[in-house]
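Chains as they are written, first to last, in the numbering used here: chain A, 13 to 384; chain B, -15 to 34. In this text, a Cβ means the ideal position worked out from N, Cα and C, and glycines have one as well. None of these values were measured; they are calculated from a predicted model.
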């Protein structure tokens, strides 16, 4: 969104209607904020009522300019005071989702939809949030059923993308329920192919990935491979259309995943080298080069790339880079260096402030160290 | 979805928004105080540089 949306002049008219806060969740100065507003999906968009210091609206995921305009208007409505049962329920659901109470949030989103008047403009967002909350609470069957039930009401809108992707992800957990699975796969594909829905490149890439996972879930390798090729070609087209290096680099991570899935990691090298030149302060291009070189068995190149990334990295992401470096040493056969790198990762993980410190990450690093 | 989340986790968004919207960076207290003074809500973009 920072590369494509927040720079759009169409949003200028909202500048004075909100105070705009960018929170880098990797930055330790935000640990207090993260304790109050835990974030597990990136980006997450929040509208906060400053008088109550409470979430008025919460949206997990990115948005296009028109979607954002709708979110802003919905958030203002909640802060001004909701009048209908449906609006009260969706605001309550957003607060529950912020507290990580996904099952309760799902129930409240469901109640919001049940109480909604005809042509309720928040229906799409409620449907997206309901299916996502059901996915988060691992209620896969209900998630798939709800997505299928709500699809006709959001068909042809932005929300169809998340509703079908959430629903198909849930259906892929239980593909034996074939009728629901097939219907959601068809719905996701028709959403991806609908030129009238101006979905972002991110949204479309997410739909491709969900469709590929669905083919994998029914063990259709040929179908999955065909989709992976289509996905890679789509991402290359999007990257070509980018007007700035930042916009082009948005697709790097998707392309790395696609090329790795195609078992052609070498295809990622030229773009990552380009990104490393274009964005010299960004640790992502060398960190991704580390992954690519390690996958290719080029361990010395991988270690050099990880070191370049570590020189710029900060926050919890640094742990992942150290883990990648340790795995490279282990694959190279240097057990001692691998062990030392994991010890460094543990020290770093333990040094993070509350809000960023993850006990499960520390435990998994310690477990890894024991097996080395 | 798990893969989608992984992509979100890995997505690079290293550029700061140009001044179409006057973002305050990493200072919730300042944003909150300003919002109370202006009597407007706070919009938060919780992002990560990967």
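Extent of the continuous alpha helix (DSSP H) run through residue i
i                      : result
residue 7 of chain B   : Here residue 7 of chain B belongs to no alpha helix (DSSP H); instead the beta strand (DSSP E) covers 7 to 9.
residue 289 of chain A : 281 to 290
residue 3 of chain B   : Looking at the DSSP string, residue 3 of chain B is not in any alpha helix (DSSP H), and its letter there is neither H nor E.
residue 217 of chain A : 213 to 229
residue 95 of chain A  : No alpha helix (DSSP H) contains residue 95 of chain A, which DSSP labels as neither H nor E.
residue 53 of chain A  : From DSSP, residue 53 of chain A is part of no alpha helix (DSSP H); its letter is neither H nor E.
residue 269 of chain A : 264 to 273
residue 21 of chain B  : 12 to 22
residue 204 of chain A : 190 to 205
residue 330 of chain A : 329 to 344
Under the three-state DSSP convention, the category residue i falls into
i                      : result
residue 90 of chain A  : helix
residue 59 of chain A  : strand
residue 166 of chain A : helix
residue 13 of chain A  : coil
residue 132 of chain A : coil
residue 243 of chain A : helix
residue 144 of chain A : helix
residue 383 of chain A : coil
residue 307 of chain A : helix
residue 259 of chain A : helix
residue 174 of chain A : helix
residue 359 of chain A : helix
residue 76 of chain A  : coil
residue 26 of chain A  : helix
residue 354 of chain A : helix
residue 296 of chain A : helix
residue 21 of chain A  : helix
residue 209 of chain A : coil
residue 39 of chain A  : coil
residue 154 of chain A : helix
residue 364 of chain A : coil
residue 324 of chain A : coil
residue 186 of chain A : coil
Span of the beta strand (DSSP E), counted from its first residue to its last, around residue i
i                     : result
residue 33 of chain A : 31 to 36
residue 71 of chain A : 66 to 72
residue 36 of chain B : Any property of residue 36 of chain B remains undetermined from this structure, which presents chain B solely from -15 to 34.
Alpha carbon of residue i to alpha carbon of residue j, nearest angstrom
i                      : j                      : result
residue 194 of chain A : residue 247 of chain A : 25 Å
residue 29 of chain B  : residue 299 of chain A : 24 Å
residue 279 of chain A : residue 85 of chain A  : 43 Å
residue 73 of chain A  : residue 32 of chain A  : 17 Å
residue 220 of chain A : residue 302 of chain A : 25 Å
residue 290 of chain A : residue 281 of chain A : 14 Å
residue 259 of chain A : residue 60 of chain A  : 28 Å
residue 10 of chain B  : residue 24 of chain A  : 21 Å
residue 283 of chain A : residue 98 of chain A  : 47 Å
residue 4 of chain B   : residue 90 of chain A  : 24 Å
residue 343 of chain A : residue 304 of chain A : 14 Å
residue 37 of chain A  : residue 368 of chain A : 8 Å
residue 287 of chain A : residue 17 of chain A  : 20 Å
residue 236 of chain A : residue 353 of chain A : 36 Å
residue 6 of chain A   : residue 34 of chain A  : The shown model of chain A, from 13 to 384, leaves out residue 6 of chain A, and the question about it has no answer.
Mind listing which residues of the region 312 to 339 of chain A have their C-beta closer than 7 Å to chain B's C-betas, in chain order? 329
What are the residues in the region 20 to 44 of chain A lying within 8 Å of chain B by C-beta distance? 20, 21, 23, 24, 26, 27, 28, 29, 30, 31, 32, 33, 34, 35, 36, 37, 38, 39, 41, 42, 44
Entirely within the region 98 to 134 of chain A and at least 4 residues each: give me those alpha helix (DSSP H) ranges in chain order. 114 to 127
Taking a Cβ distance cut-off of 8 Å, strictly less, list which residues of the region 80 to 95 of chain A are near chain B, in chain order. 84, 87, 88, 91
What residues from the region 53 to 71 of chain A come within 8 Å of chain B, judged by C-beta to C-beta, listed N to C? 53, 54, 55, 56, 57, 58, 59, 60, 61, 62, 63, 65, 68
Give the residues from the region 281 to 306 of chain A that approach chain B closer than 7 Å (Cβ to any Cβ), ordered along the chain. 291, 294, 296
Residues of the region 208 to 222 of chain A with a CB closer than 8 Å to any CB of chain B: list them in chain order, please. 214, 217, 218, 221, 222
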